[in-house]
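Novice:
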Amino acid sequence: MMSEQLRLSAQKAFDRVGRAELAMEEDPRFLAWIEQWIAGEMAMPEVRDRYIGLLRERATELRQRALARVPNFPFDPGPEPAVVEETDSFLSEIAKE
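For the sequence shown, this note's numbering assigns the number 1060 to the last residue and increments by one with no breaks.
In structure tokens, the structure reads:
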């Protein structure tokens, strides 16, 4: 029963993202982590940490590609991506439903 409630919570959160016409995360790793959370195999803080790690990997790859195209481009990692706050908000919505 609990997993059914968690699945419903996750679906509601994904539906809200869709209605807002925001980009939907489709990475199979993220979706697998959500499934593990639904199954009770992973806590939401772990989902969050893994997802933030995935977002950081993507940002690093983008920076590396940009640096490879522009010689002598100064590296400035800047602040943590703003998507961290969005991620926390989205995942907390899933968890509290």
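Even glycine gets a Cβ: it sits at the ideal position worked out from N, Cα and C.
Here the structure is a predicted model, which means the values were calculated and not measured.
Please go through the region 984-1028 and give each complete alpha helix (DSSP H) segment of 4 or more residues, from N-terminal end onward.
Specialist: Runs of the alpha helix (DSSP H) inside the region 984-1028: 991-1001.
Novice: Just to confirm, are Q999 and V1010 a CB contact at a threshold of 9 Å?
Specialist: Counted from its first residue, the sequence shown places residue 999 at position 36. Counted from its first residue, the sequence shown places residue 1010 at position 47. Yes, Cβ-Cβ distance for Q999 and V1010 is below 9 Å.
Novice: Assuming contact is defined by CB atoms lying nearer than 9 Å, are A1058 and S966 in contact in what I supplied?
Specialist: Within the sequence shown, residue 1058 is the residue found at index 95, counting from 1. Within the sequence shown, residue 966 is the residue found at index 3, counting from 1. No, the Cβ-Cβ distance between A1058 and S966 is not below 9 Å.
Novice: Do you know how far the Cα of E1004 is from the Cα of R979?
Specialist: Start at 1 with the first residue of the sequence shown, and residue 979 comes out as number 16. Start at 1 with the first residue of the sequence shown, and residue 1004 comes out as number 41. So the two alpha carbons sit approximately 25 Å from each other.
Novice: Please report the straight-line C-alpha distance between M1007 and A983, rounded to a whole angstrom.
Specialist: Residue mapping note: residue 1007 aligns to position 44 of the sequence shown, counting from 1. Residue mapping note: residue 983 aligns to position 20 of the sequence shown, counting from 1. If you take the alpha carbons of M1007 and A983, they lie about 23 Å apart.
Novice: Let's test the definition: count the other Cβ atoms within 10 Å of the Cβ of A986 and tell me whether it reaches 16, buried, or not, exposed.
Specialist: Translated into positions along the sequence shown, residue 986 becomes position 23. It counts as exposed.
Novice: Using the rule of at least 16 other Cβ atoms within 10 Å of the residue's Cβ for burial, across every protein chain shown, is T1023 buried or exposed?
Specialist: Counting from 1 along the sequence shown, the entry for residue 1023 is found at position 60. Classification for T1023: exposed.
Novice: According to the Cβ coordinates, are E1050 and L1025 closer than 9 Å?
Specialist: Position 87 of the sequence shown, counted from the start, is the residue given in the question as residue 1050. Position 62 of the sequence shown, counted from the start, is the residue given in the question as residue 1025. A quick correction: the sequence has Thr, not Glu, at residue 1050. No, Cβ-Cβ distance for T1050 and L1025 is not below 9 Å.
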